[in-house]
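A.B. asks:
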Amino acid sequence: MANKALAADPYNLIITGVGGQGNVLASRIVGNILSDQGYYVTIGETFGASQRGGAVMSHLRISSAAILSPQIPKGRAHMVVALEPTEALRVLKDYGNARVKAITNTRPIYSVGVISGELKYPSMDDLKLWMGKLTQAAWFIDATDEAVKLGNPILGNVMLVGALAAVGELPLDKNGFREVIARTMSADKVEINMTAFDRGVASIR
Amino acid sequence: MSVVWEGKQGTRHLLMGNDAFARGIIEAGAAVAAGYPGTPSSEIIENLAQASKATNMYVEWSVNEKVAMEVAAAASFAGLRSAAIMKQVGVNVASDFMLHLSESGTRGGMVLISCEDPGALSSGNEGESRPFAKMFEIPLLEPGDFQEAKEITGWAFELSEKIRNLVMIRSVTRLSHASGNVTLGALPQVRPQAQFKHRGFFLDPDTGPVMTFPVEYKHQLMQQKLKQAVELFEDCPFNRYEGPDRPKVLIVTSSACYLYSKEAIQLLGAGDRVGLLKLGTTWPLPPKFMETHLSRSKVIFTVEEVLPFLEDNVKIMAADLAERIGVKKFHGRADGTLPTVNELNPDLVAAGLAKILGVPYQAVDPEYARQALECAFFGAPHRELAFCPGCPHRASFWSIHSALEMDGRDGFVCGDIGCYSMAFLPTGFSTLKTGHAMGSGTGIASGFGKLGRFGLDQPVLSVCGDSTFFHAAMPALVNAVHNQSDITIVVLDNSGTAMTGFQPHPGLTVDAAGDQVPALNIADVARAMGARVELSDPFDIDTTRHKLLGLLRKGGVNVLILKQICALSPEKKGRKLFAVTLDEAVCSGENCGCNKLCTRVFKCPGLKWDAEKKSAHLDEVICSGCGVCASICPSGAITKKEAA
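If you read the protein sequences in the order shown, they are chains R and G.
Using the working numbering, you'd call the opening residue of the first sequence number 34 and step up by one each time.
Using the working numbering, you'd call the opening residue of the second sequence number 5 and step up by one each time.
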């Protein structure tokens, strides 16, 4: 069984973003680290149309007792990890509550409506204000910008996994992360992912 | 995922539902698996194909689902275990053969896995195939979680061999594409041998020919097989009851809805009043087992997706058992306790259950909900689906749309199934005007093309993808040529079944297992059928539009093949054809004659209108370097240079 406790049991985590940002991979990494520790992990995902600019969401349920519904009940998220800032708000609308926490990447991905000027994309100041209102605690991380510095914007997802580990609500440790990465990725990609994870951890301090 | 075929017995892994099905097929020692890609089913064949060298399984992506089922049936006739795998609409395609197969019966265990999409998360419909099991008189199984997805697959093969008929397993997106912990079983040791025995007595099920004749005899046999299945269902390990002895409400459910129902009971704290009858065998229902549990309560609440299939069958069974179990009150999809359309979730089930119990249920604090709605209204602008940056479809539809405008005769395009279905949206310039099943675009066009005698003088076009061309558009093309319809078919050839993840198809030189195979050339096929064929690169907008305009003025059947590999394909992803630059000083934006054509109409995600600078802006992280926008910018602000 697990070596550290969950902040809540079951713990409901939502990882959200836009198709192509590595949402599914992030949820699998977190899920595998916790499954390796003996937890029951259920992940519900929406993909298929996801590569094509749509909003995507992974629901993770971590429990010491049982497999659960792959959809989290409305208003019951403990944590929202958003690869795209406006997607955090979209998720909170349905799954938020006064005690929810959130880790948000600051890099916008504009929808077709915003690109064409028909819809307005909110300012980062407004986004931070609203996120503050709707959460008990909110962290904002320049994950994509940092990942670009590491050589690949896709590493933003792993940075957020690092940040999630640093927040300390789930028993996610560096060794568990390394094991999962080593198992699921080619050897040449392990170190760069470890670096991204560390940067994510550091971003919370 | 290599654990699917390499994972050791007794080890525990986080597996997707489709991984679990694949493992179940491997553990069962199946020798052949065939399918056609379709969300949410594709990962099963993908796993089996990757495993095929290690497992010595023959795995193919068939040209369509009917052929997939026929290929799998051949293996069964030769005494091997086999699986056919498809999404719900694929079962419609296979259904003609399936009717005959269920009547002829099978030899080696044969299982159909249908992965369905309640809520149409990745489909053009939320149709379901459970009624086929009833219609074709075969057993239907529905796993309730990930471990069961694996176990029920093995059980289905055994059942098929006991009754000598096809067994159907139904999954849904929330199982197939969800993940949970699965403990693995043993891998098979025996290498199966194939032989088709056909010289025996005409009616001998082991050695005679395999066919539906004599029909009445075979039909009777088929019904006996189903009866045998029902008897086995009475003690099926996938049917169970959880809850108090005499609950106020009995929930009858299966599949992902079992997990929703369990959670709904918890949300309402109603575990002392509500019982849960979880069924793994949903057709036919085992009468003794059902009698035991329907007797528990006067109120029956059926929770399922999407149509009231289980509910109807429970009602029929309750009518048969009425003398012994008494009169029941039924709730479910049919009486509106649950919505009549769309997928379910724990909240919808909780709300329905609360209504029946007469207790309040509030998912979210209303003040929080109001604030969150307000913030999301301003803070989360709608995200409409769009073609990817560098998608050849955007360029193709740009040319098709503008050619039709220039032609000026109110021409229109009949759509089909693939990423390009999205061209009914602004991302494809709202070009598609009909949208139905695989291959239907060309079939419908063939019909429109014969309406000239009634005064229809609009140019008629259809589109189809390369995989769709082989799957179902070929017969429609034959039809149009033979019946002398006047149409232009645009084949959007992006070198793979792109929407579902680049599975190979008959137009490519690799098969499911990655081995070299002969490719069929779409242009040669269409020419041989008698169509006038032209080819173009959709990224070359001027040439494409010019060719299309020419074809629109010609009668008969024209085929224009627009060939350009998908932007997300492994061969192309991350590799830019061109270095594209946008000179914001040259862009005159709103004052240009084009009035922001690139961001207002073309709408590639790589370009954004910057309202402050009054100029278009190019996002280099998103731009994939197709260079098409350089051809549409009239002021020359966007330029492209061949990438080094």
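Cβ atoms here follow ideal geometry from the backbone N, Cα and C, with glycine treated the same way.
Model, not experiment: these values are computed from the prediction.
Would you mind giving the Cβ-Cβ distance between Leu-581/G and Gly-640/G, rounded to the nearest angstrom? I have them listed as a contact below 8 angstroms.
C.D. replies: In fact, because the Cβ distance is near 19 angstroms, the residues do not count as touching under 8 angstroms.
A.B. asks: Taking only beta-carbon positions, decide if Asn-65/R is within less than 9 angstroms of chain G.
C.D. replies: yes
A.B. asks: Excluding five sequence neighbours on each side, which residues of the same chain lie with their C-beta closer than 7 angstroms to the C-beta of Ser-592/G?
C.D. replies: Ser-639.
A.B. asks: Would you check if the distance between the CB atom of Pro-43/R and the CB atom of Asn-349/G is smaller than 9 angstroms?
C.D. replies: no
A.B. asks: Tell me which residues of the stretch 86–118 of chain R have at least one Cβ-Cβ distance to chain G shorter than 7 angstroms, keeping chain order.
C.D. replies: Of all residues in the stretch 86–118 of chain R, Gly-86, Gly-87, Ala-88, Ile-100, Leu-101, Ser-102, Pro-103, Gln-104, Pro-106, Lys-107, Gly-108 have a Cβ within less than 7 angstroms of some Cβ in chain G.
A.B. asks: Classify Met-663/G: buried if its beta carbon has 16 or more other beta carbons within 10 angstroms, exposed otherwise.
C.D. replies: Residue 663/G lies beyond the residue range present for chain G, which begins at 5 and ends at 648; the question has no answer from this structure.
A.B. asks: Give me, in chain order, the residues of the same chain whose beta-carbon lies closer than 6 angstroms to that of Leu-67/R; leave out the 5 immediate sequence neighbours on both sides.
C.D. replies: Cβ neighbours of Leu-67/R within its own chain (closer than 6 angstroms, five residues either side excluded): Val-74, Ile-95.
A.B. asks: Exposed or buried, which one is Asp-127/R when buried takes at least 16 other CB atoms within 10 Å?
C.D. replies: buried
A.B. asks: Is the Cβ-Cβ distance between Lys-1/G and Val-278/G less than 9 angstroms?
C.D. replies: Beyond the ends of chain G as shown, which are 5 and 648, falls residue 1/G; an answer cannot be given.
A.B. asks: Answer with buried or exposed for Phe-313/G, where buried requires no fewer than 16 other C-beta atoms within 10 angstroms of its C-beta.
C.D. replies: buried
A.B. asks: Name, please, each residue of chain G whose Cβ falls closer than 8 angstroms to the Cβ of Leu-125/R.
C.D. replies: Ala-376, Cys-379, Ala-380, listed in chain order.
A.B. asks: Check whether the Cβ atoms of Thr-49/R and Ala-99/R sit closer than 9 angstroms, and answer yes or no.
C.D. replies: no
A.B. asks: I'd like to know if Phe-150/G contacts chain R, where contact means its C-beta is closer than 9 angstroms to some C-beta of that chain.
C.D. replies: So, interface residue.
A.B. asks: Please report the Cβ distance between His-397/G and Ala-441/G, rounded to the nearest whole angstrom; I am assuming they are in contact, meaning their Cβ atoms lie under 8 angstroms.
C.D. replies: Taking the Cβ atoms as the reference, His-397/G lies roughly 19 angstroms from Ala-441/G, outside the contact range of under 8 angstroms.
A.B. asks: Go to Gly-189/R, then tell me how far its alpha helix (DSSP H) extends in each direction, as first and last residue.
C.D. replies: 189–200
A.B. asks: Alpha carbon to alpha carbon, how far is Tyr-221/G from Thr-217/R? Give it in angstroms, no decimals.
C.D. replies: 54 angstroms
A.B. asks: Tell me Thr-501/G's beta-bridge partners as DSSP assigns them.
C.D. replies: Gln-507/G
A.B. asks: When the cut-off is 9 angstroms and only beta carbons count, does Val-368/G lie next to chain R?
C.D. replies: yes
A.B. asks: In chain order, what residues of the same chain lie with their CB nearer than 7 angstroms to the CB of Cys-627/G, ignoring the 5 residues before and after it?
C.D. replies: Answer for Cys-627/G: Pro-393, Val-584, Gly-610, listed in chain order.
A.B. asks: On the DSSP bridge assignment, give the partners of Cys-591/G in chain order.
C.D. replies: The beta-bridge partner set that DSSP reports for Cys-591/G is empty.
A.B. asks: Between the C-alpha atoms of Lys-182/R and Val-71/G, what's the straight-line distance to the nearest angstrom?
C.D. replies: Computed Cα separation, rounded: 50 angstroms.
A.B. asks: Determine whether the beta carbon atoms of Val-561/G and Ala-484/G lie at a separation below 9 angstroms.
C.D. replies: yes
A.B. asks: Where does the unbroken beta strand (DSSP E) through Phe-582/G begin, and where does it stop?
C.D. replies: First-last of the beta strand (DSSP E) with Phe-582/G: 582–586.
A.B. asks: So which residues on chain R does His-386/G lean against when the C-beta distance must stay under 8 angstroms?
C.D. replies: Ser-144, Gly-146, Leu-152
A.B. asks: Given a threshold of 16 other Cβ atoms within 10 Å of its Cβ, counted over all protein chains shown, does Val-514/G qualify as buried or as exposed?
C.D. replies: exposed
A.B. asks: Give, in chain order, every residue of the stretch 186–213 of chain R whose Cβ lies closer than 8 angstroms to some Cβ of chain G.
C.D. replies: Answer in chain order: Pro-186.
A.B. asks: Output needed in chain order: residues of the stretch 171–182 of chain G with a Cβ under 9 angstroms from some Cβ in chain R.
C.D. replies: From the stretch 171–182 of chain G, only Thr-177, Arg-178, Leu-179, His-181, Ala-182 have a Cβ closer than 9 angstroms to chain R.
A.B. asks: Tell me where the alpha helix (DSSP H) around Asn-130/R begins and ends.
C.D. replies: Note, Asn-130/R: premise wrong, no alpha helix (DSSP H); not H, not E.
A.B. asks: Opposite Trp-287/G in the DSSP bridges: which residues?
C.D. replies: Leu-144/G
A.B. asks: Taking the beta carbon of Asn-185/G as the centre, do at least 16 other beta carbons fall within 10 Å, making it buried, or is it exposed?
C.D. replies: buried
A.B. asks: Whole alpha helix (DSSP H) runs in the stretch 376–461 of chain G with 4 or more residues, listed along the chain?
C.D. replies: 396–411, 444–452
A.B. asks: Give a yes or no on whether 9 angstroms exceeds the smallest Cβ distance from Gly-184/G to chain R.
C.D. replies: yes
A.B. asks: Just grab the DSSP bridge partners of Asn-487/G for me.
C.D. replies: DSSP output for Asn-487/G lists no bridge partner at all.
A.B. asks: Output the distance between the C-alpha atoms of Glu-132/G and Val-310/G, rounded to the nearest integer angstrom.
C.D. replies: Going from the Cα of Glu-132/G to the Cα of Val-310/G covers about 8 angstroms.
A.B. asks: Would you call Gln-224/G buried or exposed, if buried means 16 or more other Cβ atoms sit within 10 Å of its Cβ?
C.D. replies: exposed
A.B. asks: Note the first and the last residue of the continuous beta strand (DSSP E) segment covering Cys-119/G.
C.D. replies: 114–120
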